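A.B. asks: Here it is: the structure, laid out below.
Below is the structure:
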C-alpha cells in the first residue's frame, strides 16, 4: 500500500472544531510536524478536508 507524508503548514486557530479534530485525528499538533500514513480512502478524505492547512507528499 502506498504511503503519504502529511505536514501541518498552517495554524488551526480560527478554524472550525471539525477541522481541528481532523488535524488531531491525523496526529498533527504543531506547525511543521510530519506524520506518515497509509494512503487509504479514509485518510485521503481527512486530508482533503484540511488540505488548506497541510501539505502532502507521496512516499514509496
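In our numbering, the protein residues as written are 496 to 555. Backbone N, C-alpha and C define an ideal beta-carbon position, used for all residues, glycine too. Quantities reported herein were computed from a predicted structural model and do not represent experimental measurements.
Quick one: is residue 539 buried, meaning 16 or more other Cβ sit within 10 Å of its Cβ, or exposed?
C.D. replies: Counted from its first residue, the chain shown places residue 539 at position 44. Looking at its Cβ environment, which holds fewer than 16 other Cβ atoms inside 10 Å, residue 539 is exposed.
A.B. asks: Excluding the five sequence neighbours on either side, which residues of its own chain have a C-beta within less than 8 Å of the C-beta of residue 527, listed in chain order?
C.D. replies: For this step, residue 527 is matched to residue 32 along the chain shown. The answer, listed in chain order, is 502, 503 and 504.
A.B. asks: In whole angstroms, what is the alpha-carbon distance linking residue 545 and residue 496?
C.D. replies: One-based indexing of the chain shown puts residue 545 at position 50. One-based indexing of the chain shown puts residue 496 at position 1. Computed Cα separation, rounded: 22 Å.
A.B. asks: May I ask whether a heavy atom of the ligand FAD can be found less than 7 Å away from the beta carbon of residue 550?
C.D. replies: Of ligands this structure carries none, so the ligand FAD is not represented either.
A.B. asks: Give me the Cβ distance between residue 555 and residue 533, rounded to the nearest whole Å; I'm assuming they're in contact under 8 Å.
C.D. replies: Here residue 555 is taken as the residue at index 60 of the chain shown, counted from 1. Here residue 533 is taken as the residue at index 38 of the chain shown, counted from 1. At roughly 13 Å, the Cβ-Cβ gap does not stay under 8 Å, so residue 555 and residue 533 are not in contact.
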